[in-house]
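Report on one structure; see the data block that follows.
Protein chains in written order, with this note's numbering: chain A, 118 to 332; chain B, 76 to 85.
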């Protein structure tokens, strides 16, 4: 565990907390894509199949449980909570899951570390995580007024990915035989998807103006 | 420490 990895995980955790804060305290999910949240739930469900078989550390298991629990409860809140679900605008959140899930599944069948059920599911989760933010980014573009919590949520998710890249660079130089092409390439793609968002996020911050993405 | 064959990242 290095400082970049820890900072990345904490940023990821912070993003989840920001979203839960919005849902629990403000009782709103306005501007949040249910499609993206469902994809994340699928990402964690398929990636953490090893939760009961491979023990890495207490930290690792705890974080897995947090990400699994929070992602499924967020989906439940947006879909089923009496008040929260009212703020969900289905007509704006139109991205199709299948366009992302099917290509990722096919890619996972072709490119994986080992052709076993668990490894194919793991590779699938890595590919799917890389693109799972797309419905959220599309929704942001359509939203005239992006509220602060939504902007911060997406920013923290992007920051988490950027910190993971620093973690890989650090590990590459400090550990022997640390080479993981699947996570590196997917992680790089995932981080690049945020580039445009980051640009407008910093612009709005610098000029002290409300965040708005050009259509 | 590395755990060979295990995915130790989240």
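We put the CB at the ideal spot given by N, CA and C, even for glycine.
- Element boundaries [alpha helix (DSSP H), containing residue 236 of chain A]: For residue 236 of chain A, the enclosing alpha helix (DSSP H) covers residues 234-248.
- Message: Beta carbons nearer than 9 angstroms to chain B: which residues of the segment 174-208 of chain A have them?
- Response: Those residues of the segment 174-208 of chain A placed with their C-beta closer than 9 angstroms to a C-beta in chain B are 174, 177, 180, 181, 184, ordered along the chain.
- Query: CB-CB under 7 angstroms to residue 243 of chain A, same chain, minus the five flanking residues each way: which ones, in chain order?
  - Reply: Within the same chain, residue 243 of chain A has close Cβ partners 299, 300, 303.
- Message: Determine whether the beta carbon atoms of residue 280 of chain A and residue 124 of chain A lie at a separation below 8 angstroms.
- Response: Yes. Within cutoff.
- Message: So with CB distances below 8 angstroms, who are the chain B contacts of residue 239 of chain A?
- Response: Chain-ordered, the chain B residues with CB closer than 8 angstroms to the CB of residue 239 of chain A read 82.
- Task: Assign residue 331 of chain A to one of three DSSP states: helix, strand, or coil.
- Result: The answer is coil: DSSP assigns residue 331 of chain A none of H, G, I, E or B.
- Does any CB atom of chain B fall closer than 8 angstroms to the CB of residue 126 of chain A? Chain B places a beta carbon closer than 8 angstroms to that of residue 126 of chain A, counting this residue as a contact.
- DSSP three-state call for residue 300 of chain A: helix, strand or coil? Reduced to three states, the DSSP call for residue 300 of chain A is helix.
- residue 210 of chain A CB to nearest chain B CB: under 8 angstroms? Among the residues facing chain B, residue 210 of chain A is not included, as its CB has no counterpart in that chain under 8 angstroms away.
- Task: Taking the CB atoms as reference points, tell me whether residue 245 of chain A and residue 305 of chain A lie closer together than 8 angstroms.
- Result: Result no, Cβ atoms of residue 245 of chain A and residue 305 of chain A do not sit closer than 8 angstroms.
- Do you know how far the Cα of residue 271 of chain A is from the Cα of residue 263 of chain A? Counting only the Cα atoms, residue 271 of chain A lies some 11 angstroms from residue 263 of chain A.
- Give me the Cα-Cα distance between residue 229 of chain A and residue 235 of chain A, rounded to the nearest whole angstrom. Roughly 10 angstroms between the two C-alpha positions.
- Would you say residue 277 of chain A and residue 128 of chain A are within 8 angstroms of each other, going by their C-beta atoms? Cβ distance < 8 angstroms, so residue 277 of chain A and residue 128 of chain A count as in contact.
- Message: Whole angstroms are fine: how far does the CA of residue 324 of chain A sit from the CA of residue 164 of chain A?
- Response: Taking the straight line joining both Cα atoms gives about 40 angstroms.
- Three-state secondary structure (DSSP) of residue 192 of chain A: The answer is helix: DSSP assigns residue 192 of chain A an H, G or I state.
- chain A contact for residue 77 of chain B (CB, 8 angstroms cutoff): Summary for residue 77 of chain B: the model assigns pLDDT 48, below 50, so the residue's position carries little reliability, and this model does not support an answer.
- Task: Give the range of the alpha helix (DSSP H) segment to which residue 160 of chain A is assigned.
- Result: Run containing residue 160 of chain A: 151-164, per the alpha helix (DSSP H) assignment.
- Minimum C-alpha distance to residue 311 of chain A - residue among A:284, A:249, A:293: Considering only alpha carbons, the answer is A:249.
- Task: Let me know the secondary structure DSSP gives residue 172 of chain A once reduced to three states.
- Result: Note: residue 172 of chain A maps to coil in three-state DSSP.
- Along the chain, where does the alpha helix (DSSP H) that runs through residue 135 of chain A open and close? From DSSP, the alpha helix (DSSP H) with residue 135 of chain A extends over 120-142.
- Task: State the Cα-Cα distance for the pair residue 221 of chain A and residue 120 of chain A, rounded to the nearest angstrom.
- Result: Near 30 angstroms, if we compare the C-alpha coordinates of residue 120 of chain A and residue 221 of chain A.
- Message: Quick check: is the beta carbon of residue 171 of chain A nearer than 8 angstroms to any beta carbon in chain B?
- Response: Chain B contact via Cβ: present.
- Item | Bounding residues of the alpha helix (DSSP H) (the contiguous stretch that carries residue 319 of chain A) | That run of the alpha helix (DSSP H) goes 312-323.
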